[in-house]
């Protein structure tokens with residue numbers, strides 16, 4: 253499993269999506285669609301072809317310095 257930090261093109265907020273490695277022999281890149289956890293819009297990401305099936309979405313917000 254590999255986790256990527258994704259910046260939503262719609263709301264400009266970052267979030268993380270984990271993808272399962274389903275085909276270790278696959279080459280090239282592929283596109284997957286994930287749902288932004290901040291604004292619930294669909295985001296298309298390009299990832300290595302061996303990773304598919306979004307597994308876990310985690311929220312990530314910027315923290316302002318105190």
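Numbering (my numbering), first residue to last: 253 to 318. For every residue, glycine included, the Cβ atom is placed at its ideal position computed from N, Cα and C.
Alpha-carbon spacing of residue i relative to residue j, whole angstroms
| i | j | result |
| --- | --- | --- |
| residue 272 | residue 261 | 23 angstroms |
| residue 296 | residue 284 | 6 angstroms |
| residue 253 | residue 268 | 13 angstroms |
| residue 298 | residue 282 | 6 angstroms |
| residue 263 | residue 294 | 11 angstroms |
Contact set for residue i: own chain, Cβ-Cβ below 8 angstroms, skip 5 residues either direction
| i | result |
| --- | --- |
| residue 259 | 265, 266 |
Spatial neighbours of residue i in its chain, beta-carbon cut-off 7 angstroms, leaving aside the 5 residues before and after
| i | result |
| --- | --- |
| residue 280 | 301 |
CB contact flag (residue i, residue j, <7 angstroms)
| i | j | result |
| --- | --- | --- |
| residue 287 | residue 270 | no |
For residue i, three-class secondary structure by DSSP
| i | result |
| --- | --- |
| residue 273 | strand |
| residue 285 | strand |
| residue 254 | strand |
Beta-carbon proximity list for residue i, same chain, < 6 angstroms, skipping 5 on both sides
| i | result |
| --- | --- |
| residue 304 | 274 |
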